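Trainee: As you go down the protein sequences, you meet chains A and B in turn.
Just so we're aligned: the first sequence equals residues 1 to 357 in this note's numbering.
Just so we're aligned: the second sequence equals residues 1001 to 1341 in this note's numbering.
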Amino acid sequence: MALLCSKSLSKILLFVAFIISLSMFSFSCFAKQNLPKICMVLDKGGRDDHSFNESAVKGFQLAQKALHINPESRFVEPKNDAQLPLFLNNFSSEVNCDLIIAIGFTPAAFIPEVASKFPQKKFMVIDSNLQLKNVKHNIRSVLFEEHEGSFLVGAIAAIKSKTGRVGFVGGMDVPLIHRFALGYSSGAKYINPNIKVQESYVGVTPDAWNNPSKAKELALSQYNKGVDVIFQVAAASGQGVFDAAEELNKSDSKSVRYAIGVDSNQNWVNPHVILTSMEKRVDRAVFNGISDFISNKFTADVVVYGLKDSGVNWSLDNNNREFYSPSEIARINLIKKLIIDHVIHVPDYYKINTHKN
Amino acid sequence: MTILRPILATILSLVLGLLATSLFHESPLHIFKIFLQSGFGSAYDFGMTLTYSVPLILTGLSVSLAFKAGLFNIGAEGQLTMGALAVAVFAALVPLPSLIAPLAGALVAACAGGIWGALVGFLKARRGAHEVIMTIMMNFIAAGISSYVAVYLLKDPNTQNPQTLPILPAFSLTQYSLFNGAPVTFALFLSLLIAVVCWLYLYRTPYGFELRAVGENEHASSTAGIGVQKVQILAMFFSGALAGLVGVGEVMGRVGCFKLDFSPGYGFTGIAVAFLGRCHPLAIIFSGLLFGAIQKGASDLEIFTQNVTSDLALVLQALIILVVSADGLWEKWIPVKKGKA
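1. Return the chain-ordered ranges of every alpha helix (DSSP H) run that is complete within the segment 1166–1209 of chain B and spans a minimum of 4 residues.
2. Look at the Cβ atom of residue 252 of chain A, then the Cβ atom of residue 282 of chain A, and state whether they are nearer than 9 Å.
3. What are the boundary residues of the beta strand (DSSP E) that residue 337 of chain A is part of?
4. Identify the continuous beta strand (DSSP E) that holds residue 1368 of chain B and give its terminal residues.
5. Please say whether residue 1281 of chain B and residue 1202 of chain B have beta carbons closer to each other than 9 Å?
6. Give the list of continuous alpha helix (DSSP H) stretches no shorter than 4 residues that lie fully inside the segment 280–313 of chain A.
7. Let me see if you follow: with CB-CB separation under 9 Å, is residue 1262 of chain B close to chain A or not?
8. Which one or two residues does DSSP pair with residue 1279 of chain B in a beta bridge?
9. Put residue 321 of chain A into one of helix, strand or coil per three-state DSSP.
10. For residue 1063 of chain B, which of B/1321, B/1269, B/1314 and B/1309 has the nearest alpha-carbon?
11. Using alpha carbons as the reference points, say which of A/177, A/161, A/39 and A/215 lies closest to residue 148 of chain A.
12. For the segment 1309–1327 of chain B, enumerate the residues whose C-beta is nearer than 8 Å to any C-beta of chain A, in chain order.
13. If I follow the unbroken beta strand (DSSP E) through residue 1382 of chain B, where does it start and stop?
14. So, at 7 Å on beta carbons, what are the nonlocal neighbours of residue 1012 of chain B in its own chain, with the 5 sequence-adjacent residues on each side left out?
15. Take residue 73 of chain A as the anchor and find which of A/84, A/60, A/79 and A/288 has the nearest alpha-carbon.
16. Mark residue 326 of chain A as exposed unless 16 or more other C-beta atoms lie within 10 angstroms of its C-beta, in which case mark it buried.
17. Which ranges would you report for the alpha helix (DSSP H) in the segment 1248–1333 of chain B if only whole runs of at least 4 residues count?
18. Quick one: Cα of residue 226 of chain A to Cα of residue 165 of chain A, how far?
19. Measuring CB atoms only, is the segment 1130–1137 of chain B touching the segment 1068–1077 of chain B, in the sense that at least three cross pairs come out at less than 8 Å?
20. Please return the same chain residues whose Cβ sits closer than 6 Å to the Cβ of residue 1292 of chain B, not counting the five positions on each side in sequence.
21. From this set, B/1166, B/1034, B/1154 and B/1244, which residue's C-alpha is nearest residue 1116 of chain B's C-alpha?
22. In whole angstroms, give me the CA-to-CA distance for residue 200 of chain A and residue 130 of chain A.
23. Where does the unbroken alpha helix (DSSP H) through residue 108 of chain A begin, and where does it stop?
24. Here's a check: name, in chain order, each residue in its chain whose Cβ is nearer than 8 Å to the Cβ of residue 212 of chain A, leaving out the five neighbours to either side.
25. Does DSSP classify residue 253 of chain A as helix, strand or coil?
26. Per DSSP, residue 273 of chain A is paired with what?
27. Starting from the beta carbon of residue 117 of chain A, find every residue of chain B whose beta carbon is closer than 8 Å, and list them in chain order.
28. Count the other C-beta atoms from every protein chain shown that fall within 10 angstroms of the C-beta of residue 1325 of chain B, then say buried if there are 16 or more, exposed otherwise.
29. Quick one: which chain B residues come within Cβ less than 8 Å of residue 422 of chain A?
30. Classify residue 1121 of chain B as helix, strand or coil using the three-state DSSP reduction.
31. So what does DSSP say about residue 1006 of chain B, is it helix, strand or coil?
32. Quick check: is any heavy atom of the ligand SAH less than 8 Å from the C-beta of residue 75 of chain A?
33. Which of the residues in the segment 72–83 of chain A, read from start to end, lie with their CB under 9 Å from any CB of chain B?
34. Quick one: what's got a C-beta closer than 8 Å to residue 358 of chain A's C-beta in the same chain, skipping five residues either side?
35. Got a sec, what are the start and stop residues for the beta strand (DSSP E) residue 62 of chain A sits in?
36. What residue from A/161, A/208 and A/218 has the CA that sits closest to residue 195 of chain A's CA?
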């Protein structure tokens, strides 16, 4: 009997909760239905990777503040790959988003199918060229000239290196990251043709983006071989590289090790070891995509961000200014200008190798 | 009573789990509504629930069959990985006429999973190695082999994602248009059929009887003249084969290649599916469907709520297992209810 009582009591409580939730739901439904709804799916590594995904979230949140978009706009972090097609389908149908953004090549792989199933929706993908699969002309592919920015930070690494050895720690061993690596080593060799470049990768699966301890091991081994600057391109794993540099600098103060950040401006993360960051402005790509969509300027083609429009760049702020003399800054900016003017030819891994996407 | 218990347990743990969400400022009924809508709201949603259920039914059957023989198979994940990998490699490289291709693919998947399981069965039977530890270790080996194949041996050069070459068209199963794009294929009926076959095998054949006898009492069976070692090896082979068949729906029906990390832990969820179904092959169909619906429903929580993520599925699964297996609780409760009735 007591059981029965408590059951009916909880039933009443639940019913009340249900009514409240329903009324809240209907309220939010009435609000601003005409504004475009934007939805975004992040990549593995998570929104707080201080790097790739965080940059995307920054752009999204800026758009929420600065542009008139539907307050029901949202982004999700996938827990596993099986959720990706569900999210994309759901965003296109039930949630009824107008523009759907996929961050990174893993979620992007599911876009062509969804895009042809929902031709009236617009899609934008970062880091994948889906132009060949753009059958309904509703996908914008955003690419970055990662090799140009990497060349520049490679040059910086060579300028700051005292040992004549620089390192590269990549996340997942894929063509996209080789593109960074090739640009980086070419930049280092541009400054010092005899420089040695060490290259290692955290892994071969998407989990490599979120494995800081493995990245730290790789960095420690590189530093112990005499490398004194490491460029990390490993999303959330990159923290391991910064930690390795800081740890070694503490235990052995005779020589100094540096690291270079990626995607977001990471200079603030470990200010004493991070020389600069190779900014890849995913936030700008996301914001521009949304703003183009709102002002009816959205094009379903390939958009490329490079050094010339600061889509990729080296970051200089109060956290890292101490590392550079004015003449060094001038020299770096000159190299940047030479790349933009095509005086310096930066090799592109995508063009050397016949990999698509 | 045996049927009543899992059903009551499910309802109780759903209520508990949903009430827990109110701690995070979400209305439990709202969450429940999302679950229902996401699992069964449209043809596509229902199709995805079924798609999720197929691997869970198969791994549930796999765990139960081994369990009936007294073996605890934690290795369904590794066995399904090997099954899926084998069928993906076979279907990408061996041109066959489309009439027999899917059948051949299914056989390859079952054999690969079966061999992966039988290895453990052999070591258990002949060397006395503990099957729990063995199967866990075999999971890691399977993960290693599959990533080696997907990344180095048979990598699809057209994508940056780690996956094997796409399968030949003859192998891909037709997706029923009824489900509006959800990849529901013959694999669904295959899994149902196999559940029935498992039931017939276990309860209507002498082999099944031997298997259950070994599970109940190894020494007594041995005294009675049953070849215990043979039964154990065979049980692990069948158990592995059932898990390996996951590759049929996933590779030939849904993905079209072997994708690393395609399984969100089907093999481990299969253990929960088996226990909720009390290791009865026909009951597992329903517990598989329930877990499929929970997985599908949970993924929509990410989209429709602020504070609850799809990890709620794990909470619900854990609660279900906890409540089902709380023997003491049930022995106290059920007689009381009987007395009342």
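Where a beta carbon is used, it is the ideal one built from N, C-alpha and C, also for glycine.
What you are looking at is a predicted structure, and each value in this text was computed from that prediction instead of being measured.
Mentor: According to the data block:
1. Counting only runs of 4 or more residues that sit fully inside the segment 1166–1209 of chain B, the alpha helix (DSSP H) segments are 1187–1204, in chain order.
2. A distance of 9 Å or more separates the beta carbons of residue 252 of chain A and residue 282 of chain A.
3. Here residue 337 of chain A belongs to no beta strand (DSSP E); instead the alpha helix (DSSP H) covers 326–340.
4. Chain B is shown only over 1001 to 1341; residue 1368 of chain B falls outside these bounds and no answer can be derived.
5. Contact flag set, yes.
6. Entirely contained in the segment 280–313 of chain A, the alpha helix (DSSP H) runs reaching 4 residues are, in chain order, 282–294.
7. Cβ-Cβ to chain A under 9 Å: yes for residue 1262 of chain B.
8. For residue 1279 of chain B, DSSP assigns no beta-bridge partner whatsoever.
9. The answer is helix: DSSP assigns residue 321 of chain A an H, G or I state.
10. Of the listed residues, the one whose Cα sits closest to residue 1063 of chain B is B/1269.
11. Among A/177, A/161, A/39 and A/215, the Cα nearest to that of residue 148 of chain A belongs to A/177.
12. Hits within the stretch, in order: 1309, 1310 and 1311.
13. What is shown of chain B runs 1001 to 1341, which leaves residue 1382 of chain B out entirely.
14. Excluding sequence neighbours, residue 1012 of chain B sits near 1323.
15. From the listed residues A/84, A/60, A/79 and A/288, the smallest Cα separation to residue 73 of chain A is found for A/60.
16. Under the 10 Å beta carbon count, residue 326 of chain A is surrounded by fewer than 16 other beta carbons and is classified as exposed.
17. Contiguous alpha helix (DSSP H) elements confined to the segment 1248–1333 of chain B occur at 1266–1276, 1281–1304 and 1312–1324, taking only those with 4 or more residues.
18. Each residue's alpha carbon lies about 6 Å from the other.
19. The segment 1130–1137 of chain B, when compared against the segment 1068–1077 of chain B, does touch it at the 8 Å Cβ threshold.
20. Take residue 1292 of chain B, set aside five residues on each side of it, and the residues of its chain with a beta-carbon closer than 6 Å to its own are 1049, 1052, 1053 and 1056, in chain order.
21. Measuring from the Cα of residue 1116 of chain B, the nearest candidate turns out to be B/1244.
22. Distance between the alpha carbons of residue 200 of chain A and residue 130 of chain A: 28 Å.
23. Counting along the chain, residue 108 of chain A sits inside the alpha helix (DSSP H) bounded by residues 105–108.
24. Closer than 8 Å at the Cβ level, and outside the excluded window around residue 212 of chain A, lie 236, 237, 238, 239, 240 and 243.
25. It is coil, neither helix nor strand.
26. For residue 273 of chain A, no pairing in a beta bridge is given by DSSP.
27. Per Cβ cutoff of 8 Å: 1181.
28. By the neighbour-count rule (16 or more Cβ atoms within 10 Å), residue 1325 of chain B is not buried but exposed.
29. The structure shown does not extend to residue 422 of chain A, since chain A spans only 1 to 357, so no value can be given for it.
30. The answer is helix: DSSP assigns residue 1121 of chain B an H, G or I state.
31. Three-state DSSP puts residue 1006 of chain B in a helix.
32. In the structure shown, the ligand SAH is absent, as is every other ligand, since no ligand is present at all.
33. Answer set for the segment 72–83 of chain A: 74, 76, 77, 78, 79, 80, 81, 82 and 83.
34. Summary: the structure shown does not reach residue 358 of chain A, with chain A confined to residues 1 through 357, and so no result is reported for it.
35. That residue, residue 62 of chain A, is in no beta strand (DSSP E); its alpha helix (DSSP H) goes 52–66.
36. The shortest Cα separation from residue 195 of chain A among A/161, A/208 and A/218 belongs to A/161.
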